[in-house]
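Using our numbering, the first residue of the sequence shown is number 24, and each one after it goes up by one.
See structure below.
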Amino acid sequence: MRFALSGQPAFLELSRDDGLDLLEWIGLGRAEFGAVEVSVLLPLCRRRLWPVVRNVDPARRGGDGLARVAGTPQRLTSELAAATARMPEALVHFG
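Here it is, written out as structure tokens:
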């Protein structure tokens, strides 16, 4: 799954499972593709980065049998927030 800002090259490329997990983690469901305004996305990302118990993500096995290390959604959320903060009026396209 690729994430890109308004017609620019992708800034984040993930496996399908990791991309869907990331979208679900930040509160956007498990959409295969779509777009969201940065002004909507950034607050969701920032909320998931708060140091509270509900934001702790333990290691787990994915549906494909591959393990995901603890903290992966938080790291990806941080990358997503950092990449999108520069363009608050843009759309983030994913799919």
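Glycine residues also receive a C-beta, built at the ideal position from the N, C-alpha and C atoms.
Buried or exposed, going by whether 16 or more other CB atoms sit within 10 Å of the CB of residue i?
{"i": "P96", "result": "buried"}
{"i": "V63", "result": "exposed"}
{"i": "G30", "result": "exposed"}
{"i": "R71", "result": "buried"}
Leaving out the 5 sequence neighbours to the left and right, which residues in its chain are closer than 6 Å to residue i when beta-carbon positions are compared?
{"i": "L67", "result": "I49, G50"}
{"i": "L99", "result": "L45"}
Which residues in the same chain as residue i place their Cβ atom closer than 8 Å to its Cβ, once the five residues preceding and following it in sequence are excluded?
{"i": "R69", "result": "A104"}
Tell me the DSSP bridge mates of residue i?
{"i": "A27", "result": "A33, H116"}
{"i": "E60", "result": "L114"}
Are residue i and residue j closer than 8 Å when you measure CB to CB?
{"i": "A108", "j": "L45", "result": "no"}
{"i": "R53", "j": "E60", "result": "no"}
Spatial neighbours of residue i within its chain, please: CB distance less than 7 Å, with the 5 preceding and 5 following residues excluded, ordered by chain position.
{"i": "H116", "result": "A27, A58"}
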